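The next block holds one structure in the form of structure tokens; read it before the comments.
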Ligand code: UDP
Ligand code: MG
């Protein structure tokens, strides 16, 4: 299940890691009342196996079920659990951002709470990290648990993304990964509000290696990402990491201009030789509709980028913390304290 894949990119650094490092496990939770108990039990098994010290940073992303109650009860019971509760739902990317801000470990593992990211991989992650890798990510070699539609659209999205973005995301890779402290610190310096985390993880670079696993189905509850959420997520990813959709219009425009000149020459020459030819209603209307739509699409794409500029310029915080339970108490992360 945990064989090393051949996507190792560079040899590991020869670095010294602490003997008993502190490993932070960050998990975003949104309406996960049924999934939390099995998740914490599974992670506690890993923790008990020893070899490292652990802390759990669980982020309640404005859940409307009793996720927060359960989490705060867990924080009371286990000193290694800290809960960051948002004032409303800010989305998974914001929850991950908060988790990284609050985590204090020498290495940070980010994972989903639904056990689709098997905790058994964590010891492998740590071993690779000790071996000198800064990022150890899990790659799905079997997505049998996902629907065909999800595999198909996800595959298409990542192929398109990797074609048009300067930053490449390894295929079949989710957010589940371990990152060294210096990787986390680097990610924390990225100020953008549109946080396509997979892209940001890839953007910062560092020595990375994949660990293959078969992705299981959810333990409890259901997916929080419906079609529209995934569609917007995909557009967000592309608009945050590529300017190709903006630049392509100069080329489309040039090709259409060239074709128009050729077509115009044909019409002019034909008119000179055969006289004025009045019919043309169908072709005229077709051209008007076609060019009207092309222009609207290009304006729409401009709009996508301008909307993002607008959000960035406002500079609102990425998330608002309502309450922090457990661990070091309400101590805010260094970044928030400095503001
Ligand atoms: N999640 C979140 N905020 C949201 C949506 C999801 O924190 O607005 C969390 C969710 O609780 C889970 C993880 O993100 O831990 C992945 O969500 P999900 O399992 O629904 O996604 P899928 O695995 O279907 O892609
Ligand atoms: Mg899931």
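In this note's numbering, the protein residues as written are 2 to 340.
Idealized CB from N, CA, C, for every residue including glycine.
Note that this is a predicted model, so its numbers are computed, not measured.
Query: Could you tell me which of 187, 114, 249 and 117 sits nearest to residue 165, measuring between CA atoms?; Result: 249
Query: Is it buried or exposed for residue 232, if we count other Cβ within 10 angstroms and need 16 for buried?; Result: exposed
Query: If we require 4 or more residues per run, which alpha helix (DSSP H) segments fall completely within the region 14–38?; Result: none
Query: Indicate the three-state DSSP secondary structure (helix, strand or coil) for residue 150 in the structure shown.; Result: helix
Query: Please work out which residues of its chain come closer than 8 Å, Cβ to Cβ, to residue 48, disregarding the five sequence neighbours upstream and downstream, and give them in chain order.; Result: 55 and 81
Query: Please determine whether the Cβ atom of residue 135 lies at a distance below 7 Å from any heavy atom of the ligand MG.; Result: no
Query: Report the residue from 92, 85 and 170 whose alpha carbon sits nearest the alpha carbon of residue 205.; Result: 170
Query: Taking DSSP as the reference, what is the three-state secondary structure of residue 112?; Result: coil
Query: Under 7 Å from any heavy atom of the ligand UDP, does the C-beta of residue 93 make it?; Result: yes
Query: DSSP state of residue 279, grouped into three classes?; Result: coil
Query: Could you name the residues, in chain order, whose CB is less than 6 Å away from a heavy atom belonging to the ligand MG?; Result: 113, 115, 117, 219 and 224
Query: Is the beta carbon of residue 117 closer than 8 Å to that of residue 217?; Result: yes
Query: Any Cβ of chain D within less than 8 Å of the Cβ of residue 131?; Result: The displayed structure is made up of one protein chain only, and chain D is not part of it.
Query: In whole angstroms, give me the CA-to-CA distance for residue 317 and residue 303.; Result: 22 Å
Query: Please state the DSSP three-state secondary structure of residue 181.; Result: strand
Query: Check residue 56 in the structure and name its three-state DSSP category.; Result: strand
Query: Compute the Euclidean distance between the alpha carbons of residue 320 and residue 91, then round it to the nearest angstrom.; Result: 6 Å
Query: Return the residue from the list 266, 161, 207 and 183 that minimises the CA-CA distance to residue 242.; Result: 161
Query: Please state whether DSSP places residue 209 in a helix, a strand or coil.; Result: strand
Query: Alpha carbon to alpha carbon, how far is residue 103 from residue 291?; Result: 52 Å
Query: Does residue 6 come out as helix, strand or coil in the three-state DSSP assignment?; Result: Reliability fails at residue 6, whose pLDDT of 41 lies under 50, so the model's placement of it is uncertain and the value that follows must be treated cautiously. Of the three classes helix, strand and coil, the one that applies to residue 6 here is coil, per DSSP.
Query: Run the proximity test for residue 33: is its beta-carbon closer than 7 Å to any non-hydrogen atom belonging to the ligand UDP?; Result: yes
Query: Quick check: is any heavy atom of the ligand UDP less than 7 Å from the C-beta of residue 29?; Result: yes
Query: Tell me whether residue 132 sits in a helix, a strand or coil according to DSSP, three-state version.; Result: coil
Query: Output needed for residue 1: all residues of its chain with C-beta closer than 8 Å, excluding positions within five of it in sequence on either side, in chain order.; Result: Because the chain in this structure spans residues 2 to 340, residue 1 falls outside the shown range and cannot be described.
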